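Following: one structure in structure tokens, then a few remarks.
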Amino acid sequence: MPEQPTSELALSRVVDAELVRLAREGSASALRLIVRRHNQRLYRVARAIVRDDAEAEDVMQEAYLSAFRHLAKFRADASLATWLTRIVVNKAVGHLRRERIMVPLDAVDKVEWPDADAMPHHASELDPERTAARSQVRDLLERAIDNLPEPFRVVFVMRMVEQLSIKETACSLGIPEETVKTRLHRARKLMRDQLQAKLASALTDTFPFQDPRCADFTDALLARLAEGSEPASPGTQASLKQ
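One point on numbering: in my numbering, the residue at position 179 of the sequence shown is 1170, and numbering is uninterrupted.
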């Protein structure tokens, strides 16, 4: 009979080593939980290497299939996350080697590169998501600038935004050049402190791999395993077909 949904809830409290043991014995729920538990990290690692969402998922699938084929090689005293991550890294690097055309270094010097002004804009510059992201960054910077104390804010805008020289800024504000330098230094520190605090929390949400995407990927992977595409073990394949 198919495993009941409650079994997955119970397994959610099980440590990785025990999940591996259950997966070796053919538990589909254990396999599913392993995938869901490690999808986020593995996706980010894969994407950091291949720099493409779809290719990152391909790498993840190859890595999981390889890992499930060789679960017997996993040592219980090791970290499953680390073991899986190493496999993903190897698969991602191998993917790049297969997909990328390697150009001999001596050929680079012989290439006549076009002028930057003559080159078309990169497609990503027109991508709505990237445009929105840039808008969010701009809003973040504008809010941080607005939060600066007025004396620092004026100097920061004049020097960093308007690109005025120290002398021009000092003359415009009627203050000594050393005061401009001091205020700019303090403004930069305040900006850095603000942005670091905001970016630290934002970094945890970068390159998300959550539901429904995570669930769809997991279902597709387990379906592939059930069809006999490089299964983890005979027991696992039989369990997945139930």
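For each residue, glycine too, the CB sits at the ideal point set by N, CA and C.
All of these numbers come straight from a predicted model, not from anything done at the bench.
From the options, pick the residue whose C-alpha is nearest to that of residue i; which is it?
i, options, result
"P1203", "A1178, R1027 and A1047", "R1027"
"E1169", "D1210, A1178 and K1158", "K1158"
"F1147", "S1163, A1178, G1165 and P1140", "A1178"
"V1128", "L1190, L1216, V1079 and L1164", "L1190"
"D1130", "H1176, L1186, R1089 and I1166", "L1186"
"D1043", "E1090, T1076, G1165 and C1162", "E1090"
"S1141", "S1126, L1164 and R1125", "One detail in the question is off: residue 1141 reads as Glu in this sequence, not Ser. Minimum Cα distance to E1141 is reached at L1164."
What's the gap between the Cα of residue i and the Cα of residue j?
i, j, result
"R1038", "V1084", "11 Å"
"L1010", "S1018", "9 Å"
"M1093", "L1087", "Because M1093 carries a pLDDT of 42, less than 50, the predicted location of this residue cannot be relied on, and the following value inherits that uncertainty. C-alpha separation (whole angstroms): 10 Å."
"R1174", "E1153", "16 Å"
"K1172", "T1195", "35 Å"
"R1134", "K1180", "15 Å"
"T1209", "D1068", "26 Å"
"M1151", "T1122", "23 Å"
"E1218", "A1188", "48 Å"
"I1166", "V1080", "55 Å"
"L1216", "S1126", "42 Å"
"W1104", "H1176", "Residue placement at W1104 cannot be trusted, given a pLDDT of 32 that sits under 50; the coordinates are not used to answer."
"S1070", "L1132", "40 Å"
Residues in the same chain with beta-carbon distance under 7 Å from residue i, minus the five sequence neighbours each way, listed in chain order, please.
i, result
"W1074", "F1065"
"C1205", "R1027 and N1030"
"M1149", "L1155, T1160 and S1163"
What are the boundary residues of the alpha helix (DSSP H) that residue i is part of?
i, result
"I1078", "L1071 to E1090"
"H1029", "A1019 to V1041"
"V1011", "D1007 to R1015"
"P1142", "E1141 to F1147"
"S1057", "D1044 to R1060"
"L1213", "R1204 to A1217"
"E1159", "I1157 to L1164"
Anyone know if the C-beta pair for residue i and residue j falls short of 7 Å?
i, j, result
"Q1031", "F1200", "yes"
"K1082", "V1041", "no"
"R1023", "L1062", "no"
"Y1055", "L1155", "no"
"I1078", "A1047", "no"
"L1248", "A1021", "For the chain, the structure presents residues 992 to 1233; residue 1248 sits outside this window and is missing."
Using a Cβ-Cβ cut-off of 8 Å (strictly less than) and excluding sequence neighbours within five positions of residue i, which residues of its own chain qualify?
i, result
"R1144", "I1136, D1137 and A1178"
"K1101", "In this predicted model, K1101 has a pLDDT of only 40, less than 50, meaning its place in the structure is not dependable enough to derive any value."
"V1006", "none"
Beta-carbon within less than 6 Å of residue i's beta-carbon, same chain only, minus the 5 sequence neighbours each way: which residues are those?
i, result
"F1198", "R1035 and R1038"
"A1008", "A1067"
"M1182", "A1135"
Within the present structure, is the beta-carbon of residue i separated from the nearest heavy atom of the ligand GTP by less than 6 Å?
i, result
"V1080", "By its list of ligands, the structure shown contains no ligand whatsoever, and the ligand GTP lies outside what it can speak to."
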